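Peer 1:
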Amino acid sequence: MARDRVQVRKVIEGTQEIPTLPTVLAKINEVVRNPRASANDVGTLISQDQALTAKTLRLVNSAFYGFPRKISNITRAIVILGFQKVKNLALTASVLDAFKGKGAGPFDYVGFWKHSLATAVAADALAKRVRAADVEDAFVGGLIHDIGKVVLAQFLAPECEEVMARVRERDCLMVDAEKEVLGFHHGLMGEWVAEKWQFPPRLAAAIRMHHTPGATREGGDLVNIVHVADILARALGIGSGGDARIPQVSAETWDNLDLGPRQVDQVVDDLLKGYAKAGDFLELLQS
Ligand SMILES: [Fe+2]
Ligand SMILES: [Fe+2]
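The numbering used here numbers the first residue of the sequence shown as 6 and each following residue consecutively.
1) Have a look at G225, T28, N39 and V11 and flag the residue whose alpha-carbon is nearest the alpha-carbon of F88.
2) Check whether the Cβ atoms of L276 and V126 sit closer than 7 angstroms, and answer yes or no.
3) Between which residues of its own chain and S98 is the CB-CB distance below 7 angstroms, once the five residues before and five after are set aside?
4) Out of D151, L262, V272 and R175, which has the shortest C-alpha to C-alpha gap to D139?
5) Could you name the residues, in chain order, whose CB is less than 6 angstroms away from a heavy atom belonging to ligand 2?
6) Mapping the DSSP letters down to three states, classify N39 as helix, strand or coil.
7) Whether or not the segment 172-185 and the segment 26-37 are in contact is what I'm after, with contact meaning three or more pairs of Cβ atoms, one per stretch, closer than 8 angstroms; do they touch?
8) In whole angstroms, what is the alpha-carbon distance linking W197 and K15?
9) With DSSP as the reference, label K282 as helix, strand or coil.
10) In the DSSP assignment, the alpha helix (DSSP H) including N93 goes from what residue to what residue?
11) Return the CA-CA distance between G265 and T258, expressed in angstroms with no decimal places.
12) Mind pulling the alpha helix (DSSP H) runs of 4 or more residues that sit fully within the segment 107-181?
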């Protein structure tokens, strides 16, 4: 019998089961919220964790950002890119690192992370194009929007097999098969992971609602941005979201983001160009 949501939530909250992010990230979050914090304060904090520093600098120096000269320390990266971006790159490096080398069972992990990265690049591009307030959270939101599927694959293996079998038989969305098999879906499990990682509530809400963005205003623009970014990554066939469906963008999302066909074309262009330069992000999963 499928486990109920209370049992699954306990699995997620259990410290050994879901990877924890470096404790330094919680401290960084605190410091970033302080308006008087300096680049040096944040730089000093990240630099305490050598592995995190190396991975963050690798992303800072990736082709995705295309700086002509190598940025060799965190404080300098903060001066050039800003607090929020460097914090989010440290977060991205930690998430990718926490899940590296995982991959067994019926779930296509390589395809999954390609889809997640493409969604992150699309969300980042879209947030900039629509001048959303949540630009800095969009990349991380896109990257982890489907993290609940990893929980399903890693910790609920029999249920995952059943979900994937239904997806294959009926060519349906994973989210619909999950609701049938479990009674809830990867969005909710993803929200629990985001809460465990102490991500901002808007980000957690965006993860929960990315398949039904019209149902809430809780996550602000971020919900709509992740919703569209997920569909664009699917439409362009980058990686695999676990099923082959390309859902429609919700009517409320078009209105809420005030999005037109011209902007969508621009974002598609940004996504293709950005994804082509984002190889370092995927390599962090394999290194
Ligand atoms: Fe999803
Ligand atoms: Fe997705």
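Where a beta carbon is used, it is the ideal one built from N, C-alpha and C, also for glycine. This one's a predicted model, so the numbers in the text were calculated from it and none came from an experiment.
Peer 2: Put simply:
1) Taking the first residue of the sequence shown as position 1, residue 88 is located at position 83. For F88, the nearest C-alpha among the options comes from N39.
2) Counting from 1 along the sequence shown, the entry for residue 276 is found at position 271. Counting from 1 along the sequence shown, the entry for residue 126 is found at position 121. Yes, Cβ-Cβ distance for L276 and V126 is below 7 angstroms.
3) In the sequence shown, counting from the first residue as 1, residue 98 sits at position 93. Looking at the sequence shown, residue 98 is not Ser but Ala. So the qualifying residues of the chain are L57, K60, T61, L64 and L289.
4) Stepping through the sequence shown from its first residue, residue 139 is reached at position 134. Minimum Cα distance to D139 is reached at L262.
5) H120, T124, H150, D151, D235 and G246
6) Counted from its first residue, the sequence shown places residue 39 at position 34. Note: N39 maps to coil in three-state DSSP.
7) no
8) Against the sequence shown, residue 197 aligns to sequence position 192. Against the sequence shown, residue 15 aligns to sequence position 10. Each residue's Cα considered, the two are about 10 angstroms apart.
9) As a first step, residue 282 must be located in the sequence shown, where it is residue number 277. Looking at K282 - three-state DSSP - the assignment turns out to be coil, as it is neither helix nor strand.
10) Taking the sequence shown and counting its residues from 1, one reaches residue 93 at position 88. Run containing N93: F88 to A103, per the alpha helix (DSSP H) assignment.
11) The sequence position of residue 265 within the sequence shown is 260, counting from 1. The sequence position of residue 258 within the sequence shown is 253, counting from 1. Roughly 11 angstroms between the two C-alpha positions.
12) 114-134, 140-149, 152-160 and 162-175
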